[in-house]
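Each remark here refers to the structure printed beneath this line.
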Amino acid sequence: MTKSRKLPKLPRDLVEEILCRVPATSVKRVRSTCKRWDRLFNDTRFVRKHSVKAPKQFMCLMLTKSHGICPMSVNLDGDPPSVEVKAELSLLDPRSRNSAFQFDVTQVFHCDGLLLCASEEPEPRIVVWNPFTGQTRWIESGGGLSPQLALGYYQDKRHNTRRYKVLSFYNDRDSKIYDFDTDSWRVLDGDSVGGRARRRDDYMVSLKGNTYCFATDKEKPELGLYLLTFDFATDKFGYVPLPYQSPYHSACLSVVREEKLSVLLQQKITSKIEIWVTNKMGESNKGVSWSKVLALDLGLCLGILDFASFSFDEESRHVLWMDLIEGKPTLEAIDVIENRLNYLGRDVEAIGGLAESIPFAMSHLKDDQSELHSLLEAQLGVSNRNNLRALLEPYM
């Protein structure tokens, strides 16, 4: 009888070098392989290493009319380009008597690889969710949901960690802030910029922990459209001017690789669109400048939905956005290098996905602990999450 040979154990350093290159989409499966590997992914030092070496991936997400979140696989290199809607991600509702019942998502926001999801039925509820690890933290709504919620953070340099908060934003009354450290809500009052701001839509994005959205000043309409920003370190609103002022037919906002802001602008009475990108932005908004990276005439038969979802990738030089064609949301793409417009909506409609859905997230996924965001769109990039487990674990 032959004895089975035991494979020699690999050195810890070699195991780390292998695992730190595991894509974010495979982390959950790898962690379930053995307890040793699972403990490794809870190690802050390894998390930092994985954040640097894990490969980047492109992912699109959409929030469907059935209140679920579905990944979309977009192939821009095919002839013709195509898109495939995949199975809905699972977010179980712990309050349901049916253990398989899914949480109905009516609002969603992406920040730092986490999804902030909210629902109004049968009662207002909020959850912060890591869809790749399955970790969740449920938050009391604090007396109802605002028209829009945003997840953000600031860097605690003393403890070298990120402190997360939730902003509940209103146009006509005081906004509120939820602090994960104190597990409580408080009212933000006395903020002159936030008090005068009137948001143009419910779409917001996150960059370096701060939140951005289009707004106008109720008391100073001459300022025109600008970007309203919220700093989670100071709990104060501010603003970033757009490249120029004009009566806009369309204005769309996006994040580029977790480093820059991008806006797609179309002036009234014109079929031309422009895409502008900021310089690399830090935690503050000082010294922001804009550069035009694309100008294109769509022709009279095409247009961009006002405040639609779009994504611009500087490396691949592709632009994706949503348009209305024959009354249906349709995904379109521009190859900037070849100056060519591609329609992806036909492929999606063929499988019954996009025509009945609201697209919400396009971007880059990087790291061990996951990614995601928000006619909602997003830039998925995961960075060092020192306190991610501490953030979610009390409610797991």
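Going by full-length UniProt numbering, the letters in the sequence shown line up with residues 1 to 396, in that order. Glycine is no exception: its CB is placed at the ideal position from the N, C-alpha and C atoms. Quick caveat: nothing in here was measured; it's all calculated off a predicted structure.
Alpha-carbon spacing of residue i relative to residue j, whole angstroms
i, j, result
"L116", "D38", "25 Å"
"P94", "L151", "22 Å"
"C111", "G209", "7 Å"
"R36", "Y153", "30 Å"
"V128", "F180", "11 Å"
"L19", "L114", "21 Å"
"N384", "T161", "Here the model assigns N384 a pLDDT of 31, short of 50, so the residue's position is not dependable and the matter cannot be decided."
"S311", "V30", "30 Å"
"E17", "S271", "51 Å"
"G287", "L10", "49 Å"
"D297", "Q267", "12 Å"
"D217", "L61", "32 Å"
"L92", "K28", "17 Å"
"L63", "P71", "9 Å"
"residue 462", "G134", "Limits of the chain in this structure are 1 at one end and 396 at the other, which puts residue 462 out of reach."
"K220", "T278", "24 Å"
"S119", "S96", "14 Å"
"P241", "W185", "30 Å"
"S45", "S32", "Position check: residue 45 holds Arg in this sequence, whereas Ser was assumed. Between R45 and S32, the C-alpha separation is close to 20 Å."
"T211", "L188", "15 Å"
"I351", "S66", "Confidence at I351 is low in this model, with a pLDDT of 34, below 50, so the placement of that residue is unreliable and no value is reported for it."
"S90", "S246", "43 Å"
"S289", "H159", "32 Å"
"K86", "F103", "18 Å"
"K49", "Y178", "30 Å"
"K157", "I139", "26 Å"
"I269", "Q155", "44 Å"
Cβ separation of residue i and residue j, assumed to be a contact under 8 Å, to the nearest whole Å
i, j, result
"L227", "F214", "7 Å"
"E88", "S73", "With 8 Å as the limit, E88 and S73 do not qualify as a contact, their Cβ atoms being about 14 Å apart."
"Y239", "L225", "Not quite, the Cβ-Cβ distance comes to about 10 Å (not below 8 Å), so this is no contact."
"F237", "K165", "That pair is no contact at about 14 Å."
"R12", "K53", "The pair is not a contact, with the Cβ atoms about 16 Å apart (cut-off 8 Å)."
Classification of residue i by the beta-carbon crowding that lies within 10 angstroms, buried from 16 upward
i, result
"K260", "buried"
"Y244", "exposed"
"L40", "buried"
"C34", "exposed"
"I126", "buried"
"F101", "exposed"
"W276", "buried"
"K176", "buried"
"E377", "Because the pLDDT at E377 is just 28, under 50, the model does not fix this residue reliably, and the value given afterwards should be weighed accordingly. E377 comes out buried."
"S291", "exposed"
"L14", "exposed"
"S262", "buried"
"R137", "buried"
"V205", "buried"
"G143", "exposed"
Which listed residue (the options) has its alpha carbon closest to that of residue i
i, options, result
"D235", "L242, D174, E219, H159", "D174"
"E123", "L207, A233, V105", "V105"
"R257", "K280, V240, S246", "K280"
"E274", "K286, L253, G287, V288", "L253"
"A251", "P11, Y203, D156", "Y203"
"L183", "F169, R163, D13, A197", "Before going further, note that residue 183 is Asp rather than Leu in the sequence given. Closest by alpha carbon: R163."
"A24", "D13, V47, K292", "V47"
"A295", "I269, T278, S26, L265", "L265"
"S141", "N130, Q155, F169", "F169"
"L207", "L242, I139, F109, K292", "F109"
"L167", "H159, Q155, Q148, K157", "Q148"
"Q107", "I69, N130, G134", "I69"
"T229", "R198, R21, R137", "R198"
"P131", "T211, E219, S26", "S26"
"V255", "V319, E219, F103", "V319"
CB contact check: residue i to chain B, cutoff 8 Å
i, result
"P221", "Absence of chain B from the displayed structure is noted, only one protein chain being present."
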